[in-house]
Structures are given as C-alpha cells and as structure tokens.
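> Right, I'll just put the structure down here and ask away after.
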Amino acid sequence: MSAVNHSPSADAILACEGLSKHFGGIRAFTDVAFQARRGEVTAVIGDNGAGKSTLIRCLVGVHVPDAGDIFFDGRAHPFANPDEARKAGIETVHQNLALIDELTVAQNLFLNREIVRRIGPFALLDRKAMKQQARAMLSRLSINMPSVSQRVRRLSGGQRQAISICRAAGSGAKLVVMDEPTAALGVQETANVEALIRRLREQAVSVILVSHNFDQVRRLSDQIWVMRAGRMVATVRGSETTGKELVALVTGAA
Amino acid sequence: MSAPAENASSREAGAAEESRPSLAALLLDPSFWADWASVVGLVGLVIVFGIAQPVFLSVANLQALLLAAAILVVLSIGQTFVVATAGIDLSLAAAVMLGAIILGLVDAAGYGIFLACVLAVAATSAVGFLNGALITAGRIPDFVVTLGTLSGVTGLGLILSGGEPIMVGSTFLLRLASGSFGPFGYPVWVAISAVLVAHIALYHTRFGVHLLATGGQTESARSLGIRTNRVKIAAYTISGFCAGIAALLLVARIGSAEPQINTSLLLNSVAAVVLGGVSLFGGRASILGPAIGALMLTALVNGLTLLSVSAFYQPLAVGAIVVLAALIMRYQK
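Here the protein sequences line up with chains R and E, keeping their order.
To convert, note that position 113 of the first sequence is 113 in this note's numbering; the numbers rise steadily by one, no gaps.
To convert, note that position 46 of the second sequence is 46 in this note's numbering; the numbers rise steadily by one, no gaps.
In structure tokens, the structure reads:
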C-alpha cells in the first residue's frame with residue numbers, strides 16, 4: 001500500500017485534485033485526488049455511500065463539483081455537461097445501460113450518432129452502412145450476436161451489457177467509464193464482460209471501473225483507488241494487493 | 001459473447017437467423033396475427049361484406065370508401081406520431097374544427113382560399129406545438145393537457161364562428177373534393193402522400209429513430225444526448241399539422257365549416273392507431289398499420305350501411321373491434 005499521490009502525472013487521461021461535492025448539508029466527498037492512467041484499467045472501490053458514484057458523475061460532467069480541479073487529457077475544467085464529456089471522448093456505460101428495448105442492436109449502437117446519406121436537402125438513414133459497421137464493432141470485441149437486426153428486448157442481461165459497452169467503445173472513445181458493469185449478471189455472463197474489459201485495454205482504451213467485487217477488481221485493474229466515507233484513502237497496484245488488504249482498506253480496519 | 005474462435009460459426013448462424021422464417025411457422029405465431037391485425041381485419045371485412053352485399057366490391061363503392069377514409073387516414077398518422085412518444089392527442093378533432101373555422105372565416109373575409117388554407121394549417125400546427133410545449137415545459141401529463149386544449153380550442157372555434165356554420169364556396173376546394181387523378185380522387189392522393197412522407201420520416205430519418213427512442217425509454221434516450229422534449233414537441237406539432245390537412249379535406253368534402261367537433265374522428269383515430277399495432281406505451285410504431293386500421297374502420301361503417309344496419313349499431317361494432325384488436329395485441333412480442 002502506497003500513499004495517495006496528489007500530483008496528476010503526464011500519463012493521466014483523467015485526473016482530479018481537491019475535489020469536493022455537497023448536496024445541501026450532505027457531504028458526498030471531500031478533497032479527493034484521483035487519476036486514471038492512459039491505457040490502464042483503473043478501479044474505484046468503496047462501501048455503499050462512500051461517494052464512488054458521485055465522484056464518477058462529477059468526473060464525467062453529470063454533477064458540477066463544489067471545489068477542486070478536473071483534468072482530462074491535459075485540459076483543465078473540461079466539461080459542463082455529459083454531452084461535452086461524450087464529445088471529448090469519455091463514454092459512460094450507465095448502470096441502467098441506456099438501451100432502447102424496441103430498437104434493434106444496430107439502431108442502439110448508433111443511437112444519436114446515426115449515419116445519414118444526404119439527398120438534396122434531406123438526410124436519410126444509411127441503414128445498410130450502420131448494420132455493416134455494427135457487425136464490425138461487435139466482432140472487433142468478439143461479441144457474439146445472432147443478428148444486428150434483432151430487437152434489444154429479446155437479449156439476455158450479459159448481451160445487453162456487451163452492447164452498451166460496445167457502443168461506448170465503438171465511438172472511438174479515449175476513456176470508458178463503467179458503473180458496476182456486472183452487478184446484475186450471472187457467473188458466465190460476468191466472465192464474458194470481464195473478457196470484454198480486457199479486450200478494451202488491449203485496444204489501448206482507458207477504462208474506469210466502479211465495482212463492489214474485490215476479486216473482480218484485482219483480476220482486471222492495473223490501479224485500484226479506495227474510497228471511505230467521502231475520502232480517497234488509498235491507492236494500490238492491482239497486481240500487488242490481496243483481497244484481505246482491500247477489505248481492510250474499504251472498511252478502515254487497517 | 002464468445003471466444004474469437006467461435007466467431008466464424010456464429011456469423012453463419014447470424015446470417016441464417018436474418019432470413020425469413022417459414023410460412024407455416026409464421027401463421028402459427030400469434031405475434032404475426034397481432035402485428036398484422038389491421039390487414040387481417042380489413043381482408044376479413046372485405047370478404048364478409050363482399051359475400052353479404054356484392055355492391056360492396058363495386059369499383060364505385062370502393063372509390064367512395066377510399067374517399068371517405070382519407071380524412072381518418074391523415075388524422076391517424078398524426079395520432080401515430082404522438083402515440084409513438086407514449087402520449088395521446090385528445091385535441092385532434094377539436095383542432096380539425098378550429099382549422100375548418102379559420103379556413104371559413106379567412107375565405108369569407110375575402111383574403112383568398114390559399115391564404116385561408118395556409119392559416120388553417122398554421123393554426124392547427126400551433127395548437128399541436130402548444131400541446132407539446134405544455135407537456136414538456138409544464139411537466140403536465142399529455143392526457144390532461146390535450147383534454148384542456150380539446151375544450152379550449154372548441155371554445156375558441158365557437159367564439160370565432162359565433163356558433164354558425166360558414167359556407168365555403170371555393171372552386172379550388174370543390175375540385176379537391178370531387179376531382180380525381182387516375183383511379184383515385186384527390187383526397188385519396190393526399191392521404192397516400194401523407195402515408196409515404198410519414199413512413200419515410202419514421203423509418204428513414206434520425207428524427208424517426210429518436211422519436212421511437214423517446215417513446216421507448218425517455219431516460220435512456222436523454223442520457224445519450226437526444227433532446228427528448230424537442231422530439232415530443234415535434235410529434236405534437238406534426239399531429240396538429242395533420243389536423244390542419246384533415247380540416248382542408250373536411251371543408252372540401254362538406255362545403256362548409258361547421259362549428260362542431262366530430263368526436264368519432266378523434267376516437268376512430270385512436271382506434272386506428274391501436275388496430276395498426278402501435279403500442280400505446282410508446283416506442284413501437286408503423287405508419288402503414290394505422291392507415292390500414294383507418295381503412296378498416298371506414299370499411300366497417302360502409303359495409304354496415306350497405307347492409308342497411310342502423311347507424312346506431314356502428315359505434316357498437318367499432319368498439320367491439322377495437323377491444324378485440326387490443327386483446328390480440330397482448331400476443332405481440
């Protein structure tokens with residue numbers, strides 16, 4: 001276990017310093033420093049209410065922090081809202097996945113990024129191109145999908161998660177943020193999603209992962225950050241820690 | 001998801017799945033009947049009425065049927081866009097009345113029929129825009145807002161007209177109502193154009209996808225940056241626009257602007273949408289379905305009339321068919 005490092009290094013894709021957020025009288029987190037290195041999987045762990053989700057939401061522009069600085073790709077104070085974060089290259093895989101059940105896999109993958117052909121003043125969808133590229137996006141991450149013309153409603157939880165991650169990664173994102181990506185999945189589906197996260201890293205996409213599952217975090221993460229009661233209390237390399245140590249850090253028993 | 005090695009075989013399986021299932025399997029699948037309820041119903045009605053009263057199948061009667069269906073088809077398209085966002089437009093028939101009266105008043109004031117038509121459509125579109133703006137900005141349920149505008153717009157129509165019908169003796173509208181091109185009258189061509197334009201808008205534009213996304217899961221659509229409020233306002237404005245077109249066809253058909261709402265137009269527009277397989281919970285829609293649903297309801301009334309069934313039985317028959325259709329929809333996957 002090493003001390004919390006307070007200076008964002010040059011290889012950080014996303015970092016923050018002295019970040020605080022309050023909701024009325026309730027303190028979500030105080031004076032948090034954090035960084036995610038380029039091309040690594042960075043995990044944020046902590047007990048319920050430790051402030052993980054709120055921290056992530058501040059980092060991707062959903063909430064505006066009360067104090068502190070955020071740096072993305074070397075730029076300070078990068079975004080005022082999630083749309084700007086998305087345009088800058090941060091994709092979030094929401095806990096609810098943000099899929100539209102009645103639309104097809106291809107339509108979901110290209111939602112609000114549709115490919116259009118211009119015919120005079122009109123812009124018509126290029127459905128063929130979107131289906132082709134959807135297949136390419138899925139096979140690049142080795143996601144097995146019977147048909148991209150299938151409605152998302154009929155897919156399993158793991159397949160839905162895969163599509164949501166694929167959409168996030170497929171847009172050329174520099175950083176993919178995932179909040180509890182395997183919380184609702186079975187054993188096999190969890191393994192599939194973990195394999196998917198590894199493939200993202202192989203393709204040099206940086207990942208921030210919020211998780212409750214310490215074993216998973218140790219399997220996947222290069223760097224692990226631990227929050228407790230609204231503070232960032234420790235950071236460790238994933239390969240150098242044990243489950244016991246993580247439990248101790250999260251509960252404060254160390 | 002699978003290991004890369006399995007990929008080739010899975011792609012072949014994908015290609016097989018994308019081909020059509022066999023006809024027998026299709027006919028046994030209840031969701032097929034649910035998806036095509038309006039077509040099956042229309043074919044069924046045509047066969048039954050064709051046998052019971054051969055006049056039903058005469059060219060003259062079929063042309064009259066299409067002519068009578070044109071207004072309802074246009075209104076059903078407007079209603080479809082709203083229902084696709086999980087809303088409902090109860091002010092549709094009231095907007096038709098307001099459009100007709102504005103048309104009549106502007107024409108009677110001597111500003112010319114074209115300006116009258118433009119202002120009528122502009123007024124009904126404005127009613128639609130107001131509906132959408134109140135629902136999204138005011139965060140009021142669609143049902144309440146459109147019920148309010150239903151009453152308000154009806155009142156406005158009565159005030160403007162003084163409760164008196166306005167004769168519209170325009171040759172342009174007369175020609176629109178009675179002229180024909182090829183096998184169909186002009187109103188039928190108006191309805192066909194509306195179906196085509198709406199179909200393209202729904203299936204081949206970004207707006208269409210965003211409309212279905214907004215109706216399906218508003219929160220998800222919003223988190224992906226779709227401006228769901230704008231989409232909803234657009235849907236209600238389209239509904240209002242369709243009411244304006246319907247007002248032109250109505251005034252052309254009866255030759256005057258009547259200050260009374262045709263409530264059966266409103267109810268039948270919702271019925272046609274349901275028959276057409278559009279989900280009232282939003283997110284799932286087609287244009288052809290409701291258009292055929294509107295044809296089916298018109299065919300029902302036409303056939304019953306030819307069979308000399310009292311007009312009092314017609315609402316009963318429409319009601320039975322709509323409830324039946326809703327029951328079949330439960331099998332929709």
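Even glycine gets a Cβ: it sits at the ideal position worked out from N, Cα and C.
#1: Does the structure place the region 20-33 of chain E close enough to the region 74-85 of chain R that three or more beta carbon pairs sit under 8 Å?
#2: Using a C-beta cutoff of 9 Å, does Val209/E count as contacting chain R?
#3: Hey, out of Ser20/R, Lys52/R, Arg113/R, whose CA is closest to Val226/R's CA?
#4: Would the region 153-168 of chain R and the region 192-205 of chain R be scored as touching if the rule is three or more Cβ pairs under 8 Å?
#5: Which residues, taken in chain order from the region 99-110 of chain R, show a beta carbon closer than 7 Å to some beta carbon of chain E?
#6: Taking only three categories from DSSP, how would you classify His63/R?
#7: The region 278-289 of chain E: which residues have C-beta closer than 7 Å to a C-beta of chain R, in chain order?
#8: Closer than 7 Å by beta-carbon distance: list the chain E residues that pair up with His94/R, in chain order.
#9: Which residue comes first and which comes last in the beta strand (DSSP E) that contains Gln35/R?
#10: Could you name the residues of the same chain whose beta carbon sits closer than 6 Å to that of Ala86/E, not counting the 5 residues immediately before and after it, in chain order?
#11: Who are the Cβ neighbours of Val322/E in its own chain at under 8 Å, not counting the five residues just before and after it?
#12: Please confirm if Ser31/E has its CB atom under 9 Å from at least one CB of chain R.
#13: Is DSSP giving Ser139/R helix, strand or coil here?
#14: What residues of chain E sit near Asp83/R, judged by a beta carbon separation below 7 Å?
#15: Do you know offhand how far Thr263/E's Cα is from Ala93/E's?
#16: Report whether the distance from the Cβ of Gly128/E to the nearest heavy atom of the ligand MN is below 8 Å.
#17: Against Glu114/R, what residues of chain E qualify as contacts under a CB-to-CB distance less than 8 Å, listed in chain order?
#18: Any beta-carbon of chain E closer than 9 Å to the one on Phe34/R?
#19: Determine, for Phe122/R, whether the minimum Cβ-Cβ distance to residues of chain E falls below 9 Å.
#20: Looking at the strands, I want to know which residues DSSP matches up with Asp69/R.
#21: Based on the DSSP output, what are the partners of His22/R in its beta bridges?
#22: Using a Cβ-Cβ cutoff of less than 8 Å, which residues in the same chain neighbour Glu180/R once the five nearest sequence positions on both sides are dropped?
#23: Where Arg284/E and Gln107/R are concerned, what is the direct C-alpha to C-alpha distance, given to the nearest angstrom?
#24: What would DSSP say about Leu175/R, mapped onto helix, strand or coil?
#25: Does Arg127/R get closer than 9 Å to chain E when you measure Cβ to Cβ?
#26: Looking at the structure shown, is Glu258/E part of a helix, part of a strand, or coil, going by DSSP?
#27: Looking at the C-beta of Leu97/R, does it have a partner C-beta in chain E at a distance below 9 Å?
#28: Could you tell me the distance, in whole angstroms, from the CA atom of Gln132/R to the CA atom of Ala116/E?
#29: Rounded to whole angstroms, what's the CA-CA distance from Ala213/E to Gly138/E? Just pull it up for me.
#30: Among the candidates Gly18/R, Asp73/R, Ala229/R, Gly157/R, whose CA atom is the shortest distance from the CA of Ser206/R?
#31: Would you tell me roughly how many angstroms separate the C-alpha atoms of Pro65/R and Phe29/R, rounded to the nearest one?
#32: Which runs of the alpha helix (DSSP H) at least 4 residues long sit entirely within the region 88-153 of chain E? Give them in chain order.
#33: Under a CB-based cut-off of 9 Å, is Arg86/R close to chain E?
#34: Cutting at 8 Å between CB atoms, please list the residues of its own chain near Asp184/R, excluding the five before and the five after it.
#35: CA-CA distance, Ala8/E and Ala136/R?
#36: Classify Ile163/R as helix, strand or coil using the three-state DSSP reduction.
Let's see:
#1: At 8 Å Cβ cutoff, the stretches do not touch.
#2: The beta carbon of Val209/E falls within 9 Å of a beta carbon belonging to chain R, placing the residue at that interface.
#3: With distances taken between Cα atoms, Val226/R lies closest to Lys52/R.
#4: Yes, the region 153-168 of chain R is in contact with the region 192-205 of chain R.
#5: Against chain E - using a Cβ distance shorter than 7 Å - the residues of the region 99-110 of chain R are Leu99, Ile100, Asp101, Glu102, Leu103, Gln107.
#6: Three-state DSSP puts His63/R in coil, outside helix and strand.
#7: Residues of the region 278-289 of chain E with a Cβ closer than 7 Å to any Cβ of chain R, in chain order: Gly283, Arg284.
#8: Under the 7 Å cutoff, chain E gives Ser223.
#9: Residues 26-37.
#10: Cβ within range, chain order: Gly215, Phe281, Gly282.
#11: Within the same chain, Val322/E has close Cβ partners Ala271, Val274, Leu275.
#12: Taking 9 Å as the threshold, the shortest C-beta distance from Ser31/E to chain R does not fall below it.
#13: In this structure, Ser139/R counts as helix in the three-state DSSP scheme.
#14: Result: Gly225.
#15: Our two residues, Thr263/E and Ala93/E, have alpha carbons roughly 6 Å apart in a direct line.
#16: Summarising the ligand content, the structure contains no ligands, and the ligand MN is consequently not present.
#17: Here the neighbours are Arg206, Val209.
#18: Answer no: the Cβ-Cβ gap between Phe34/R and chain E never drops below 9 Å.
#19: With 9 Å as the cut-off, Phe122/R counts as an interface residue toward chain E.
#20: Within the DSSP secondary-structure output, Asp69/R pairs in a beta bridge with Glu17/R.
#21: Its beta-bridge partners are Arg27/R.
#22: Only Gln95, Val210, Ser211, His212 meet the Cβ criterion.
#23: Roughly 13 Å separates the two Cα atoms.
#24: It is a strand residue.
#25: Yes, its Cβ sits closer than 9 Å to a Cβ of chain E.
#26: Look at Glu258/E here: in three-state DSSP terms it is coil, with no helix or strand label.
#27: Taking CB atoms only, Leu97/R has a neighbour in chain E less than 9 Å away.
#28: Distance between the alpha carbons of Gln132/R and Ala116/E is about 49 Å.
#29: Each residue's CA atom was taken as its position, placing Ala213/E and Gly138/E some 21 Å apart.
#30: When only C-alpha atoms are compared, the closest one is Asp73/R.
#31: In this structure, the straight-line span from the alpha carbon of Pro65/R to that of Phe29/R is close to 10 Å.
#32: Within the region 88-153 of chain E, the alpha helix (DSSP H) runs of at least 4 residues that lie entirely inside it are, in chain order, 92-108, 113-137.
#33: By this cut-off, Arg86/R is an interface position.
#34: Reading the sequence as shown, one finds Ala at residue 184/R and not Asp. In its chain, beyond the 5 residues on either side, Gly157 have a beta carbon closer than 8 Å to the beta carbon of Ala184/R.
#35: At Ala8/E, the pLDDT of 41 sits below 50, so the modelled position is not reliable; the number obtained from the coordinates is stated separately. Each residue's Cα considered, the two are about 13 Å apart.
#36: Here DSSP, grouped into helix, strand and coil, assigns Ile163/R to helix.
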